[in-house]
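Q:
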């Protein structure tokens, strides 16, 4: 009911008439009656619209007045507001039936068609909105005129003609009622910001968006619709700060948008806010609220209606599982993503069949009813309908190609993950062996040095000295020490590239650390004792302890926290 009411209100703006024509005033009165009835939650919207349709049709059957026939057809268009493929032919029929008699109807129909073709055929959409604006400007500044300017500005924005988009957004702003249409006035300032952003004027974009937010927040009472748009604009503001690499501000604004929309039940808005937050986390590698966000996505997933939105949500969760090395859930979510892509493909085909059926039905009806002098108009209509078919076919082809590409990508990811896992396991084992050998060599070095010192003591005490035998024994032990040092150096050099990468990463995170401290961090990471490090670096064990305390202080670790464990997380 709410969804239809919002749609109807948008459509009915086109039909709010201030025309001096009594018949156009009739449409205005009719719109107000329907709008008032739809505001009541106690009755189904289809029942309400159908009742008004039957009333208008009955009036026509009683006096055969053209006004009531047109009004009944107009209400019938509203009845199919959520069935795009069935509504388009009805709008064209209404235009043909009206024959320009009621400007109100012509403007509404052209605007309706412009909204339908906005994505599939922007040029065709522009043609209809230009016609609606031309007709509306002839009868003066009416309530719906700013919406026409607004829509044309949006088409120009999508066309990347930002300068002219600004012109029409300003026209809309100057036409809106500054007191009654606050949300639309704020929307125009938000649109100014979007244009300035694309033109590289981010400071102006931020300024205009803040104006839009201030317009709505300075009120004493803010309704829910206005609150939703305030947080929508905060999302736009966050994007601009993101472009300026002010990630903290951007994250704060996106989090506000996400928390509000999730709590308020704006599931689609919450989804895209979550998507933006996770993108910032990817850029900063700071994932403060990632777990909460993923849990919220799991909650809103069943509430999402559009398959396209479910695909986006599922991909976010899939990427999360991949980062967490949760291969079990990753496999399940990947299969679900493939199923959603299949469902999207199926829906597109189903939509295409409906479109073709609607088109076929309309063409047959036109062939049976149209006169010879209307063939040119039918040809134009046929062209537009064929264009829709071509676009839908192209859409299906794109979906299939994307599906194949995604399936191939998933398969490659699986292969890469398996290969990476094996490489990491081998590398880990190799590093363990290196550290083990290093420990062994250091122990041998220590024992050899002790034996060397013992021999020196014996020489000093012994009176009968045999120089040649003693010298040979000392040379043998010195050679052993040299060979052990070589092995130690070889082990250290083998890991030099890895150590350099580790030192670079640590230095980037803690630039206050000196080169010597960074080097010692490598040994601490390998879990070497102070005695072993002292042998390698020619320091005393006491010096190593002092260095270790200084490093923990600079990094910000307490005395109780283990430096070795912390370094192994980097």
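Residue numbers (full-length UniProt numbering): 1 to 570.
For glycine and all other residues, C-beta sits at the position ideal for the given N, C-alpha and C.
Model, not experiment: these values are computed from the prediction.
Output the boundary residues of the alpha helix (DSSP H) element that contains residue 214.
A: From DSSP, the alpha helix (DSSP H) with residue 214 extends over 202-217.
Q: For the pair the segment 323-331 and the segment 378-387, tell me if three or more CB-CB distances fall below 8 Å.
A: No: the two stretches stay apart, fewer than three of their Cβ pairs being nearer than 8 Å.
Q: With a threshold of 6 Å on Cβ separation, who are the neighbours of residue 95 within its own chain once the five nearest residues in sequence on each side are excluded?
A: If we look at residue 95 and ignore the five residues flanking it on each side, its Cβ neighbours are 109.
Q: Touching or not, the segment 48-58 and the segment 66-85, by the rule of three or more beta carbon pairs under 8 Å?
A: Yes, the segment 48-58 is in contact with the segment 66-85.
Q: Looking at C-beta atoms only, is the number of pairs between the segment 145-160 and the segment 168-176 that lie closer than 8 Å three or more?
A: Yes, the segment 145-160 touches the segment 168-176.
Q: Just mark residue 394 as buried or exposed, buried being the case when its beta carbon has 16 or more other beta carbons within 10 Å.
A: Exposed, by the Cβ-count rule.
Q: Grouping DSSP H, G and I as helix and E and B as strand, with all else coil, what is residue 520?
A: Reduced to three states, the DSSP call for residue 520 is helix.
Q: Would you check if the segment 229-238 and the segment 204-218 touch, i.e. whether three or more CB-CB distances between them fall below 8 Å?
A: Counting Cβ pairs under 8 Å, three or more are found: they touch.
Q: May I ask you to report which of helix, strand or coil DSSP gives residue 148?
A: Residue 148: helix per DSSP, three-state reduction.
Q: Round the Cβ separation of residue 317 and residue 294 to the nearest angstrom and send it over; I've been treating them as touching at under 8 Å.
A: About 6 Å separates the two Cβ atoms, so the contact holds.
Q: Is the Cβ-Cβ distance between residue 273 and residue 257 less than 8 Å?
A: Contact flag set, yes.
Q: Give the single residue among 375, 527, 181 and 247 whose Cα lies nearest to the Cα of residue 219.
A: Ranking 375, 527, 181 and 247 by Cα distance to residue 219 puts 181 first.
Q: Quick check for students: name the residue ranges of the alpha helix (DSSP H) that lie wholly in the segment 103-178, counting only runs of 4 or more.
A: The qualifying runs are 103-116, 122-138, 145-158 and 162-175.
Q: Out of 413, 381, 344 and 507, which has the shortest C-alpha to C-alpha gap to residue 397?
A: The shortest C-alpha separation from residue 397 is found at 344.
Q: Can you grab the Cα-Cα spacing for the pair residue 429 / residue 511, in whole Å?
A: In a straight line, the C-alpha of residue 429 is about 31 Å away from that of residue 511.
Q: Determine the contact status of residue 564 and residue 525, defining contact as a CB-CB distance below 8 Å.
A: Result yes, Cβ atoms of residue 564 and residue 525 sit closer than 8 Å.
Q: Going by DSSP in three states, residue 306 sits in which element: helix, strand or coil?
A: Coil at residue 306, not helix or strand.
Q: Just to confirm, are residue 250 and residue 216 a CB contact at a threshold of 8 Å?
A: No; because the gap between Cβ atoms is not below 8 Å, this pair is not in contact.
Q: Taking all protein chains shown into account, decide if residue 248 is buried (16 or more other Cβ within 10 angstroms of its Cβ) or exposed.
A: Under this definition residue 248 is an exposed residue.
Q: By the DSSP assignment, the alpha helix (DSSP H) with residue 294 in it spans what residues?
A: That run of the alpha helix (DSSP H) goes 290-300.
Q: Measuring straight from C-alpha to C-alpha, what distance separates residue 571 and residue 62?
A: Any question about residue 571 goes unanswered here, given that the chain covers just 1 to 570.
Q: Just the C-alpha distance for residue 128 and residue 380, rounded to the nearest angstrom, thanks.
A: Rounded to whole angstroms, residue 128 to residue 380 spans 13 Å at the Cα level.
Q: I'd like to know whether the C-beta atoms of residue 244 and residue 202 end up nearer to each other than 8 Å.
A: A contact, by the Cβ cut-off of 8 Å.
Q: Is DSSP giving residue 80 helix, strand or coil here?
A: Coil at residue 80, not helix or strand.
Q: Determine whether the beta carbon atoms of residue 311 and residue 321 lie at a separation below 8 Å.
A: Contact flag unset, no.
Q: By alpha-carbon positions, which one of 117, 268, 533 and 550 ends up nearest to residue 523?
A: It is 533 whose Cα lies nearest to the Cα of residue 523.
Q: Helix, strand or coil: how does DSSP classify residue 542 here?
A: Here residue 542 sits in helix by DSSP.
Q: Within 10 angstroms of its Cβ, does residue 193 collect 16 or more other Cβ (buried), or is it exposed?
A: Looking at its Cβ environment, which holds 16 or more other Cβ atoms inside 10 Å, residue 193 is buried.
Q: According to the neighbour-count rule (16 or more other Cβ atoms, all chains shown, within 10 Å of its Cβ), is residue 514 buried or exposed?
A: With fewer than 16 Cβ atoms within 10 Å of its Cβ, residue 514 is classed as exposed.
Q: Look at the alpha carbon of residue 75 and the alpha carbon of residue 49, and state the distance between them as a whole number of angstroms.
A: One C-alpha to the other measures close to 7 Å.
Q: So residue 277 packs on residue 255, CB below 8 Å; how close in whole Å?
A: Residue 277 to residue 255, Cβ: 6 Å. Contact.
Q: With H, G and I counted as helix, E and B as strand and the rest as coil, what does DSSP make of residue 402?
A: Correct three-state label for residue 402: helix.
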